[in-house]
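Q:
Number of protein chains: 2
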Amino acid sequence: ESGALDQARRMLNRGLAPVDVAHLLESTPPREREVLWELVDPELQGEVLQYLNDDLQTLFLNRMNAQQLVSATEGLDVDDLADLLQRLPNTVTLEVLASMEAQERQRLETVLAYPEDTAGGLMNTDAVTIRPDITLDVVLRYLRRHERLPDTTDSLLVVTRGDKLIGSLPIERLLVSDTTMLVRELMDTEGVSIPAMTPDAEVAKLFEKFDLVSAPVVGTDGHLLGRITIDDVVDVIRENAEHQVMSMAGLDEEEDTFAPAWRTSRRRAVWLGINLLTAFLAAAVIGLFEGTIQRITALAVLMPIVASMGGIAGSQTLTVLIRGIALGHVGGGNVKWLLNRELVVGLLNGLLWALVIAAIAVLWFGDPALGVIIAAAIVINLLIAALVGTLLPVVLKKLNIDPALSGSVILTTVTDVVGFMAFLGLATLFYL
Amino acid sequence: ESGALDQARRMLNRGLAPVDVAHLLESTPPREREVLWELVDPELQGEVLQYLNDDLQTLFLNRMNAQQLVSATEGLDVDDLADLLQRLPNTVTLEVLASMEAQERQRLETVLAYPEDTAGGLMNTDAVTIRPDITLDVVLRYLRRHERLPDTTDSLLVVTRGDKLIGSLPIERLLVSDTTMLVRELMDTEGVSIPAMTPDAEVAKLFEKFDLVSAPVVGTDGHLLGRITIDDVVDVIRENAEHQVMSMAGLDEEEDTFAPAWRTSRRRAVWLGINLLTAFLAAAVIGLFEGTIQRITALAVLMPIVASMGGIAGSQTLTVLIRGIALGHVGGGNVKWLLNRELVVGLLNGLLWALVIAAIAVLWFGDPALGVIIAAAIVINLLIAALVGTLLPVVLKKLNIDPALSGSVILTTVTDVVGFMAFLGLATLFYL
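Residue numbers (our numbering), protein chains in the order written: chain F, 24 to 455; chain S, 24 to 455.
1. Let me know the secondary structure DSSP gives ASP201/F once reduced to three states.
2. Return the residue from the list GLY143/S, LEU198/S and ASP149/S that minimises the CA-CA distance to ARG164/S.
3. Which residue wins for smallest C-alpha separation from VAL379/S, given the options TRP360/S, ALA399/S, LEU361/S and LEU188/S?
4. Can you tell me which of LEU209/S, VAL259/S and PRO193/S puts its alpha carbon nearest to the alpha carbon of THR176/S?
5. CB-CB under 8 Å to ASN36/S, same chain, minus the five flanking residues each way: which ones, in chain order?
6. Under DSSP, the beta strand (DSSP E) around ILE328/S begins and ends at which residues?
7. Which residues in the same chain have their Cβ closer than 7 Å to the Cβ of GLU365/S, if we skip the five residues on either side of it in sequence?
8. Between which two residues does the alpha helix (DSSP H) holding ALA40/F run?
9. On the CB-based measure, 16 or more other CB atoms within 10 Å of its CB, does HIS169/S come out buried or exposed?
10. Hey, how far is the Cα of ASP254/S from the Cα of GLY394/F?
11. Any contact between the segment 137-154 of chain F and the segment 98-108 of chain F? By contact I mean 3 or more CB pairs, one from each, below 8 Å.
12. Am I right that GLY442/F and GLY373/F are in contact with their C-beta atoms under 8 Å? What's the rounded C-beta distance?
13. For ASN85/F, which three-state DSSP category applies?
14. Might you give, ordered along the chain, the residues of its own chain that have their beta carbon closer than 8 Å to the beta carbon of LEU447/F, omitting 5 neighbours on each side?
15. Enumerated in chain order, which unbroken segments of the alpha helix (DSSP H) with a length of 4 residues or greater are wholly contained in the segment 95-165 of chain F?
16. Determine the contact status of HIS352/S and GLU208/F, defining contact as a CB-CB distance below 8 Å.
17. Looking at C-beta atoms only, is the number of pairs between the segment 258-267 of chain F and the segment 256-268 of chain S that lie closer than 8 Å three or more?
18. Output needed for ILE153/F: all residues of its chain with C-beta closer than 8 Å, excluding positions within five of it in sequence on either side, in chain order.
19. Under 8 Å between the Cβ atoms of GLY245/S and LEU188/S?
20. Please state whether DSSP places THR252/S in a helix, a strand or coil.
21. Would you grab the beta carbon distance between ALA284/S and VAL367/F for me? Rounded to a whole angstrom, and I think it's under 8 Å.
22. If distances are taken between C-alpha atoms only, which option among ASN423/F, ASP439/F and PRO416/F comes closest to ARG430/F?
23. Can you tell me which of the three DSSP states SER429/S falls into?
24. Residues of chain F with a CB under 7 Å from the CB of SER338/S: which are they?
25. Does the distance from the C-beta atom of TRP376/F to that of ILE401/F stay below 8 Å?
26. For the candidate residues ALA427/S, ILE403/S, ALA381/S and GLY356/S, whose alpha-carbon lies nearest to that of ALA272/F?
27. Does any C-beta atom of chain F lie closer than 8 Å to the C-beta of PRO222/S?
28. For the structure I just gave you, are there three or more beta carbon pairs, one from the segment 208-221 of chain S and one from the segment 232-247 of chain S, closer than 8 Å?
29. How long is the line joining the alpha carbons of LEU299/S and ALA292/S, rounded to whole angstroms?
30. Compute the Euclidean distance between the alpha carbons of ALA142/S and ILE251/S, then round it to the nearest angstrom.
31. Could you tell me the alpha carbon to alpha carbon distance between VAL257/S and MET220/S, rounded to whole angstroms?
32. Using CA coordinates, which residue listed in ARG32/F, PHE303/F and ALA384/F is at the minimum distance from ARG383/S?
33. Please report how far the alpha carbon of GLU195/S lies from the alpha carbon of GLU195/F, in whole angstroms.
34. ASP29/F by DSSP, collapsed to three states: which one?
35. So who's on the other strand from ASP211/S, going by DSSP bridges?
36. May I ask you to list, following chain order, the residues of the segment 33-50 of chain F that have a beta carbon less than 9 Å from some beta carbon of chain S?
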């Protein structure tokens, strides 16, 4: 028994990389997870923590005191340490800061001064800086005095005596150029430099657009604050992509896959409650037509088809629009073109499937009028779905509401209400 | 009029970077897009093409003859060129290959030998290689003979005389180490090297796990074939993430946002047709209970609520599972734990909302039996939703079916059928 534990301890602390230990913890149900976490050496816990999702970071961090935190997080990069500290109560953060060396503390405070989801929150403070008026020879000798360079150093940053960023020297250029030349003659002055308050999604776009490996971060006065590296940007890209998938189901992308049942139930209950409101709205619409349904029960049989086709068509439009907005394709003049296209698509697919559905309805219930009524309702609902699917995300975006989170709830409310209203309403007009 | 055209031409060819021109084309409706494309200088078209989505690449490529293609794609990286050639008819590809220089052709053929979505299809063939038994001094002099290094060169690859990969030398180490040392003494031999047939999603995981900037690609015999750089991996990550969002609505992530109405209609019609089948299945279930509905029309009013709550709860479970599988958290032993958790969550939320819904139903229709019946149906449907939402993606994955594409259709079919069946079936048992 204790032999197995010893073996597990050895594997966790020596056999596996910290990122793998984090992955193992994220893939383990709570009870076993507790056991595994206790087996991780205290001085490795910081390394492991930085790779865990927010849920687990919070869980484990809240059990450590300031002293344990300081020793666990020794040697972490400043940006990763800042991420961790942001999950702690303020008093603990202050204690941790107080116990650090002055220089390290100052660096950390620079990063902590910016929100987590901005360039300032993403950056590291470990750039190699050089002056413009030295030769490459001097640069090369200066570098050789280092034991190692910061991770992912693809450029040296050129700064004035006052630490104002004036350019960057790609390492590649340092290696292929004449070593008697001056940094000033070779440096890029047109390179990307990112203001510290830039949102992380914008940072990701810049990295993708210019195929960057790292980029300097500057304050409002042009002073160099730090450096963002591609590995942190990749995390942002993945998280933002996951955010869309998860929010469409009312979930959070930082959620622990193995969260306990009780916590999971509470989180999901809210989303179910919101959807219940819209379901009752749809029910109320059906309630208006109880009399008609009592006479023609075929209506009750067919009505979900009208609502469901509208919901599917609308969610296709909505998804295309949300993605188009995220990619920056949609905006301004071309929304009108898209609305037009979506209405034509809604009409064409509406007509196609209205014919199919009408034919089946007539064969099923032997009532031609029912065919005409359901066909008309399908066309109406698919046109409304196109209209709402196109305009809703554009409007939500303008109102700064995340369309991925609330878009599909609002859309299906509309397609349910319109679907039932059109179908049962037309039937009432005709039959009563 | 022609002054405006001239201005547009100038902007496209000199004012904007190729990636921006591609973005502009992707953000423009078809007719204006045609005009813009004609204004792009022929020798810039290749650069622009590589940044376009598959839809637009195919559109424009199909109009060019081999001669135009060769001149447009001159100077492209081999991996980008290979991507473009893969969209062309075979005869044109052969013509393009025939008109290239021997060395360039050979490189291209190396990349074309691998599927687009493998490490081999992603790689570039432009690595800087060195031999193990030379000093850093010699390496530095060798590098200085280059005019520039390939983009994103963070390591030199160490190969034997027979081009077998035996290690890599990070440029950073070259800059900080004693220049009299041998490459062999300093090189990494434990670094990541990626077999050419590795799927691109696995490549992305390796880059994320080890924070790589570039990695060598090797053949089955350990020979160096090329090098993958982080910028191409970022594209893979974004595309795979988009794939999930888009396929949940039956869409393709490479689709042109401004595709014409006719083509869009055809593509979307298929998805609507599939969903129609499931809607008719649900309708058939309701049809079984027409007699009951005729007596108690309140059932028709309330039945969409049962189906909808099941669908929402199930899609939450499904989303968590699909994500867990994609992240590698879910598999093997822990599925049972998750199923248990989801069933408990389904039961808790089922009971909570069943009470709420039952209370409203009783107040609305003044019939306590109706409250009991709908409460029972809600609990049953949420439990089934938890069961199917958990097991369906695991099973689909095992069958190699993309759960993002077919998961939600199957799930809502189940929750619709079970929801209607439970609610109307219980009502029939009680009232008739």
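Where a beta carbon is used, it is the ideal one built from N, C-alpha and C, also for glycine.
A: The relevant details are as follows:
1. In the first sequence, counting from the first residue as 1, residue 201/F sits at position 178. In this structure, ASP201/F counts as coil in the three-state DSSP scheme.
2. Here residue 164/S refers to the residue found at position 141 of the second sequence. Nearest option by C-alpha distance: LEU198/S.
3. Within the second sequence, numbered from 1, the residue matching residue 379/S stands at position 356. It is ALA399/S whose Cα lies nearest to the Cα of VAL379/S.
4. As a first step, residue 176/S must be located in the second sequence, where it is residue number 153. Closest in alpha carbon position to THR176/S, among LEU209/S, VAL259/S and PRO193/S, is PRO193/S.
5. By 1-based counting over the second sequence, the position of residue 36/S is 13. Excluding residues within five positions, the ones whose Cβ falls inside 8 Å are LEU62, VAL63, ASP64 and LEU67.
6. Position 305 of the second sequence, counted from the first residue, corresponds to residue 328/S. It is not in any beta strand (DSSP E) - ILE328/S instead sits in the alpha helix (DSSP H) that spans 321-350.
7. On the second sequence, position 342 is the one that residue 365/S refers to. Excluding five sequence positions before and after GLU365/S, the CB atoms of its chain that fall closer than 7 Å to its own CB belong to THR340, ALA409, GLY412 and THR413, given in chain order.
8. Reading the first sequence from its first residue, position 17 is the one you call residue 40/F. From DSSP, ALA40/F is part of no alpha helix (DSSP H); its letter is neither H nor E.
9. One-based indexing of the second sequence puts residue 169/S at position 146. Label assigned to HIS169/S: exposed.
10. The residue you call residue 254/S lines up with position 231 of the second sequence. The residue you call residue 394/F lines up with position 371 of the first sequence. Each residue's CA atom was taken as its position, placing ASP254/S and GLY394/F some 55 Å apart.
11. Using a Cβ-Cβ distance cut-off of 8 Å, the segment 137-154 of chain F and the segment 98-108 of chain F are in contact, since at least three pairs of beta carbons, one from each stretch, lie closer than that value.
12. On the first sequence, residue 442/F is found 419 positions in, with the first residue counted as 1. On the first sequence, residue 373/F is found 350 positions in, with the first residue counted as 1. With a contact defined as Cβ atoms closer than 8 Å, GLY442/F and GLY373/F miss out at about 12 Å.
13. Looking up residue 85/F in the first sequence gives position 62. ASN85/F: coil per DSSP, three-state reduction.
14. The residue given as residue 447/F occupies position 424 in the first sequence. Excluding residues within five positions, the ones whose Cβ falls inside 8 Å are VAL308, ILE309, LEU311, PHE312, THR315, ILE316, LEU322 and MET326.
15. Listed in chain order, they are 101-108, 113-121, 125-135 and 142-145.
16. Translated into the one-based positions of the second sequence, residue 352/S becomes position 329. Translated into the one-based positions of the first sequence, residue 208/F becomes position 185. Taking 8 Å as the cut-off, the Cβ atoms of HIS352/S and GLU208/F do not count as close.
17. Because the criterion of three Cβ pairs below 8 Å is met, the segment 258-267 of chain F and the segment 256-268 of chain S touch.
18. Within the first sequence, numbered from 1, the residue matching residue 153/F stands at position 130. So the list reads VAL162, TYR165, LEU179, LEU180, VAL181, VAL182, LEU192 and VAL206, once near-sequence residues are dropped.
19. By one-based count along the second sequence, residue 245/S stands at place 222. By one-based count along the second sequence, residue 188/S stands at place 165. Contact: yes.
20. Reading the second sequence from its first residue, position 229 is the one you call residue 252/S. Strand, per DSSP.
21. By one-based count along the second sequence, residue 284/S stands at place 261. By one-based count along the first sequence, residue 367/F stands at place 344. Rounded, the Cβ-Cβ distance is 4 Å, consistent with contact.
22. Residue numbering aside, residue 430/F sits at position 407 when the first sequence is read from its first letter. Correcting the residue identity first, residue 430/F is Gly in this sequence and not Arg. Ranked by Cα distance from GLY430/F, the options ASN423/F, ASP439/F and PRO416/F are led by PRO416/F.
23. Locating residue 429/S in the second sequence gives position 406, counting from the first residue. In this structure, SER429/S counts as helix in the three-state DSSP scheme.
24. Position 315 of the second sequence holds residue 338/S. Against chain F, a Cβ distance below 7 Å from SER338/S picks out ALA272.
25. Numbered from 1 along the first sequence, position 353 holds the residue referred to as residue 376/F. Numbered from 1 along the first sequence, position 378 holds the residue referred to as residue 401/F. Result yes, Cβ atoms of TRP376/F and ILE401/F sit closer than 8 Å.
26. For the purposes of this step, residue 272/F is taken as the residue at position 249 of the first sequence. Measuring from the Cα of ALA272/F, the nearest candidate turns out to be ALA427/S.
27. The residue given as residue 222/S occupies position 199 in the second sequence. Among the CB atoms of chain F, none fall inside 8 Å of the CB of PRO222/S.
28. Cβ pair count under 8 Å is three or more, so yes.
29. Residue mapping note: residue 299/S aligns to position 276 of the second sequence, counting from 1. Residue mapping note: residue 292/S aligns to position 269 of the second sequence, counting from 1. Approximately 10 Å, taken between the alpha carbons.
30. Locating residue 142/S in the second sequence gives position 119, counting from the first residue. Locating residue 251/S in the second sequence gives position 228, counting from the first residue. The alpha-carbon atoms of ALA142/S and ILE251/S are separated by roughly 7 Å.
31. Mapped onto the second sequence, residue 257/S falls at position 234. Mapped onto the second sequence, residue 220/S falls at position 197. If you take the alpha carbons of VAL257/S and MET220/S, they lie about 19 Å apart.
32. Reading the second sequence from its first residue, position 360 is the one you call residue 383/S. According to the sequence shown, residue 383/S is Ile rather than Arg. Restricting attention to ARG32/F, PHE303/F and ALA384/F, the CA atom closest to the CA of ILE383/S is found in PHE303/F.
33. Numbered from its first residue, the second sequence carries residue 195/S at position 172. Numbered from its first residue, the first sequence carries residue 195/F at position 172. Those two C-alpha atoms are separated by around 11 Å.
34. In the first sequence, the residue the question calls residue 29/F occupies position 6. Here ASP29/F sits in helix by DSSP.
35. Mapped onto the second sequence, residue 211/S falls at position 188. Assignment of beta-bridge partners to ASP211/S by DSSP yields SER191/S.
36. Against chain S - using a Cβ distance shorter than 9 Å - the residues of the segment 33-50 of chain F are ALA40, VAL42, ASP43, HIS46, GLU49 and SER50.
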